[in-house]
Every structure is written in structure tokens, then in C-alpha cells.
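Taken in order, the sequence shown gives residues 0 to 79; the numbers are from numbering that gives the first Met the number 0. The next block holds one structure in the form of C-alpha cells; read it before the comments.
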Amino acid sequence: MESSTESRISTRVNGATRIETDDGTIFRQTIAAAIIGAIVASAGFLIYSRLEEEQRESVRNSVLKFLEEKTREVRAQFKL
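Structure follows, in C-alpha cells:
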């Protein structure tokens, strides 16, 4: 017979192993992800703010084109 720890760790979801953790661990992981995301976003903004206007416009156009493509893909998948 499996112990409860082994059965929790070996839970299968859509063919992938899913490791279930307690609420404290999930909270810490969420906070860590938020902090890392904030640091990356701040660094990106700092770099973007130091670009010349031509470069900013180029970045803006590239991002808009990327977002339009991804939006089109999602709409196609959901047939919206």
C-alpha cells in the first residue's frame, strides 16, 4: 500500500506528474514568482526608458505586431 505522501506526489494529470503541495509552499512560490516578475518588468522598463525615440517606436511596433498575431491565433483556436 502506498503512503499518503507517495500518492500525493504521483498524482497524474493529463499524462504529467503533478506534485501537490501545502498552502504555505504555494504561497511562497506565488510571492517568489511575483517578485521575479516585478524585477524583470522593472529592468525592461529601465532599458526601454533609456532608448532613443526611434528605437522605442521600433520596439512598440514589434510588440504590437506580436500581440496582434497571438490574438489572431487565440481567436482562431476558439473560433471567435
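All C-beta atoms, glycine included, are put in the ideal place defined by N, C-alpha and C. Only a predicted model underlies this, so the values are computations on that prediction, with no experimental measurement involved.
Exercise. State the Cα-Cα distance for the pair Ile35 and Glu72, rounded to the nearest angstrom.
Key: 28 Å
Quiz item: Contact check, Leu50 vs Val58 under 8 Å by CB: the rounded distance?
Solution: 7 Å
Quiz item: For the alpha helix (DSSP H) that Leu63 lies in, which residues bound it at each end?
Solution: Where Leu63 is concerned, the enclosing alpha helix (DSSP H) stretches over 52-77.
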